[in-house]
Amino acid sequence: MKRFFKKIILFLVILFVASLLLDVIYTAIISHSAERNKIENVIHTSNKKYDVVFMGTSRANNHFVTKVFEDKGFKAFNYGISGSHLFETSLLLKLMVANKYEIKNLILEADLSICNEKRDEGTTARFMPYIHRNEIIKNHYKNEADFYQIYYLPFYRYIKFDNKIGFREVYDVAAKKPTNTLFNKGYYPLISHKKGNMKNDISSLKVIRNKYYEEIKQICKQNNIKLTVVMTPMCQNTKGLDYFDKVHQLYPEIHNFENVITDDKYFASCGHLNDEGAKIYTNYIMNFFYN
């Protein structure tokens, strides 16, 4: 029996050491990368100056054409992240401020994300390699139910978020495999001629006073960033479009531009404009706020 327990202890020690070693290796490799996604790019850069920054979900990433603003003389970048929630947008803005980004204007897409205070797992994964070395990231996640496992168990976060920061990502970083995330000044056009689902149902969404949206407003106020908040177009074959009116009722400062574009030919899917639609929408934003 004593021999058995010794083997168990030895196995656990070996497992712990192996986990610790893998954690160190994965972290060293992934955190060395600076241009594979927008999050690591912000973490690794500082003292950037922008006239206009776009932030939000895929409905920012695919809807704000940076070139439209650049052609008018604005230095701009689209930091929208597909799949993200306001939870991650707030954290990314905190990191920008900490890294001494000078931002004159922030255009924030906040519509469907207002109803949700949860984190997005895919976007969260991108912050995980830095959680031990960055206090802002650590503090942002410290109230999450699995914080202690993520923070204290070696290699746990790489197992949990394997699909984003697992072996494939380590290999791609080590091989210096490029991505297109930072192309087009952060704007990701949807140019496929094959339409996605042109029906949607958002009738179950409940508008809430979102704590992370409130954080973003406070950060902008403290750092003299002019915040403009907008809702972006949704196809008309959507149940529950009154959701956008409810958002505006709770937050009158959020501009309801949901019906600025209604023709299906400008949509790649019900919730996302195609490249042509995004250009029309961005020009509308430009003319509405900056002319």
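Sequential numbering of the sequence shown, starting at 3, is according to this note's numbering. Just so you know, even glycine gets a beta-carbon here, dropped at the ideal spot from N, CA and C.
Cβ shell of residue i (< 6 angstroms), same chain only, five flanking positions each side left out
| i | result |
| --- | --- |
| N39 | R128 and T183 |
| N258 | M233, F246 and H250 |
| A62 | F56, G82 and E111 |
7 angstroms CB neighbourhood of residue i in its chain, flanking five on each side removed
| i | result |
| --- | --- |
| C237 | M200, N202, D266, F269 and C272 |
| N285 | V70 |
| K219 | L229 |
| V172 | Y28, I31 and I32 |
| E37 | N43 and L184 |
Residues that residue i bridges to, as DSSP identifies them
| i | result |
| --- | --- |
| Y52 | I105 |
| I256 | V231 |
| E111 | V232 |
| D203 | K241 |
| H250 | Bridge partners of H250: none, in fact. |
| H274 | S271 |
| F79 | V55 |
Contacts around residue i, its chain only, beta-carbon distance under 8 angstroms, and the 5 residues preceding and following it disregarded
| i | result |
| --- | --- |
| N225 | V99 and I105 |
| S206 | G242 |
| I133 | I139, K140, Y143, I152, Y153 and R159 |
| I16 | none |
| L93 | F129, I138, I139 and H142 |
| I167 | Y28, I32, A127, R128, M130, P131, R159 and Y160 |
| S84 | T59, S60, N63, N64 and Y190 |
Where residue i falls, given that 16 or more other Cβ within 10 Å makes a residue buried
| i | result |
| --- | --- |
| Y150 | exposed |
| A20 | exposed |
| N64 | buried |
| H274 | buried |
| I161 | exposed |
| Y81 | buried |
| E255 | exposed |
| E123 | exposed |
| T125 | buried |
| S86 | buried |
| I210 | exposed |
| F185 | exposed |
| I227 | buried |
| N107 | buried |
| R121 | buried |
| L88 | buried |
Which listed residue (the options) has its alpha carbon closest to that of residue i
| i | options | result |
| --- | --- | --- |
| V54 | C117, S194, S33 and I109 | I109 |
| K213 | I10, S48, E90 and G85 | E90 |
| T181 | M288, L24 and E42 | E42 |
| N276 | L252, P235, N261 and S33 | P235 |
| A78 | S84, Y103 and G85 | Y103 |
| Y189 | K281, S92 and K51 | K281 |
| F157 | I263, H34, F290 and D25 | D25 |
| I287 | S35, I11, F18 and F66 | F66 |
| E278 | F18, P191 and H257 | P191 |
| V249 | R121, N239, L114 and I193 | L114 |
| E146 | I167, E119, D164 and R170 | E119 |
| C222 | R5, L97, A62 and K4 | L97 |
| K50 | L155, N101, R135 and L14 | N101 |
For residue j and residue i, believed in contact at Cβ under 8 angstroms, the rounded distance
| i | j | result |
| --- | --- | --- |
| Y215 | I116 | 6 angstroms |
| T68 | K187 | 4 angstroms |
| M57 | L95 | 7 angstroms |
| I263 | Y283 | 6 angstroms |
| V175 | H34 | 7 angstroms |
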